[in-house]
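To keep things clear, I will list the structure first and then write my remarks on it.
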């Protein structure tokens with residue numbers, strides 16, 4: 175078997191190279207559908223992932239075990255399979271054509287095949303959990319799945335809802351995004367059968383906080399990319415057309431200087447035109463939305479740094495500071 179190629183970002187973390195390659199190998203051997211075209215498409219997407227979540231599992235495993243062990247690798251691989259399964263299902267709901275630089279599974283093979291393919295990846299996750307043989311890992315996976323599905327249902331409930339509160343949106347991303355970050359770091363903590371109860375609350379909160387910050391930054395970058403998408407002739411505002419209103423839109427809806435026109439534009443639902451989307455972008459830019467989002471990002475980032483500082487291992491603190499800097503200073 176050829177050695178998998180890691181994303182370039184991990185060149186800054188040479189100590190993670192070998193265990194991350196092991197993660198890729200475990201993912202590759204934990205599932206096999208048997209239809210070469212579907213298997214190839216899924217492998218392409220697995221290999222195109224950044225591996226942030228399994229890297230977090232590996233980093234946090236060093237809090238309780240000296241070397242990276244097989245259980246940390248298996249648990250990290252299981253999280254990445256769960257992550258891709260949710261993305262495949264998301265692409266069905268959003269009718270997305272692309273995923274990780276490749277044509278999405280639903281676009282290539284249809285929605286029915288994509289449902290089964292995503293579900294099949296979940297069997298790979300369960301296989302890896304069985305190999306890790308940690309009962310608490312199964313319980314954590316159950317909780318994470320419940321949180322993810324609840325977040326999806328909250329999003330579904332509030333589609334095209336111009337009265338949705340920002341708290342409901344935070345509840346949504348706490349499930350859809352932060353739950354997997356939380357699972358990743360807690361998996362690291364329990365690997366090797368070592369349970370550090372005094373660290374559990376700090377680590378769980380840190381993972382959730384990182385996930386929330388990651389998603390809010392995505393909201394910011396997605397909004398900022400609209401101008402570039404226009405210049406490239408790409409479709410714009412797909413979330414808005416699908417009735418998914420993220421932080422910039424929700425903040426603009428609370429600004430009395432623009433909210434009347436913003437509401438009127440959003441009430442067109444999926445019939446909103448590109449010209450109206452451009453106007454919506456202008457209104458959000460004029461409003462207090464991006465200032466509020468920047469302030470919220472600063473609050474979450476400050477809290478993240480404070481939580482990292484509470485960890486007992488300076489080397490792990492340094493790794494997390496480097497990784498969070500990479501994740502939170504990206505431009506896409």
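Residue numbers (our numbering): 175 to 506.
Note that CB positions come from ideal geometry on N, CA and C, so glycine has one too.
Exercise. Assuming residue 355 contacts residue 256 under a Cβ cut-off of 8 Å, what Cβ separation, rounded to an integer in Å, is found between them?
Worked result: Here the question's residue 355 lines up with position 181 in the chain shown. Here the question's residue 256 lines up with position 82 in the chain shown. By a beta-carbon distance limit of 8 Å, residue 355 does not contact residue 256. Their separation comes to about 12 Å.
Problem set entry | Limits of the alpha helix (DSSP H) - the one that residue 429 falls within | Taking the first residue of the chain shown as position 1, residue 429 is located at position 255. According to the DSSP assignment, residue 429 belongs to no alpha helix (DSSP H), since it is labelled neither H nor E.
Exercise. Below 8 Å, can you find three or more Cβ-Cβ pairs linking the segment 426–439 to the segment 453–464?
Worked result: yes
Exercise. Hey, residue 273 and residue 219 are a contact pair by Cβ (cut 8 Å); roughly how many whole angstroms apart?
Worked result: Translated into positions along the chain shown, residue 273 becomes position 99. Translated into positions along the chain shown, residue 219 becomes position 45. At roughly 6 Å, the Cβ-Cβ gap stays under 8 Å, so residue 273 and residue 219 are in contact.
Exercise. Where does residue 135 fall in DSSP's three states?
Worked result: Coverage of the chain is limited to positions 175 through 506, which leaves residue 135 absent and any answer about it impossible.
For this session: Have a look at residue 249 and residue 504 and give me their C-alpha separation to the nearest angstrom.
Result: For the purposes of this step, residue 249 is taken as the residue at position 75 of the chain shown. For the purposes of this step, residue 504 is taken as the residue at position 330 of the chain shown. Those two C-alpha atoms are separated by around 26 Å.
Problem set entry | Residues of its chain near residue 382, where Cβ-Cβ distance is below 6 Å and the 5 sequence neighbours each way are ignored | To locate residue 382, count along the chain shown from 1; it is residue 208. Here the set comprises 352 and 356.
Exercise. Taking residue 191 as the reference, which of 228, 304 and 451 has the closest Cα?
Worked result: Position 17 of the chain shown, counted from the first residue, corresponds to residue 191. Cα-wise, what sits closest to residue 191 is 228.
Problem set entry | Through-space distance from residue 247 to residue 233, alpha-carbon basis | Residue numbering aside, residue 233 sits at position 59 when the chain shown is read from its first letter. Residue numbering aside, residue 247 sits at position 73 when the chain shown is read from its first letter. The alpha-carbon atoms of residue 233 and residue 247 are separated by roughly 11 Å.
Problem set entry | Segments of 4+ residues assigned as alpha helix (DSSP H) that fall wholly inside the segment 289–362 | 309–331 and 340–347
For this session: Can you have a look at residue 254 and say buried or exposed, based on whether 16 or more other CB atoms are within 10 angstroms of its CB?
Result: Looking up residue 254 in the chain shown gives position 80. Result: buried.
For this session: Go through its chain and collect everything with a Cβ distance to residue 349's Cβ below 6 Å, but skip five positions before and after it.
Result: For the purposes of this step, residue 349 is taken as the residue at position 175 of the chain shown. 321, 322, 324 and 325, listed in sequence order.
Exercise. Just curious, the alpha helix (DSSP H) that residue 392 is in, first and last residue?
Worked result: As a working note, residue 392 is residue 218 in the chain shown. Segment 371–398, the alpha helix (DSSP H) holding residue 392.
For this session: List the DSSP bridge partners of residue 210.
Result: The sequence position of residue 210 within the chain shown is 36, counting from 1. Residue 210 pairs with nothing; no bridge assigned.
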